[in-house]
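Counted from 1, the sequence shown has number 40 at position 39 by our numbering; the numbering is strictly sequential.
Cβ atoms here follow ideal geometry from the backbone N, Cα and C, with glycine treated the same way.
This one's a predicted model, so the numbers in the text were calculated from it and none came from an experiment.
Everything below concerns the one structure shown next.
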Amino acid sequence: MSLPLRAWLMGLTALMLIWEMFQQLIWLLLIQPLYGRLSEYQ
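Structure below.
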């Protein structure tokens with residue numbers, strides 16, 4: 002049985018929101034400290 006279109010849209014929207022938060026977490030935890038170290042060496 003296929004899900005109704007509204008359920009698909011709500012699921013996709015939730016996944017996109019989670020992905021956005023995940024990307025921001027990666028940025029804060031990994032990329033910013035690396036940039037900080039690189040700027041210290043220059």
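Query	Result
N-terminal and C-terminal residue of the alpha helix (DSSP H) that PRO34 is part of	33 to 42
Rounded separation between GLY37 and TRP20 - CA only	25 Å
Unbroken alpha helix (DSSP H) run spanning TRP28, endpoints	First-last for TRP28: undefined, no H or E at that position.
Through-space distance from PRO5 to GLN25, alpha-carbon basis	31 Å
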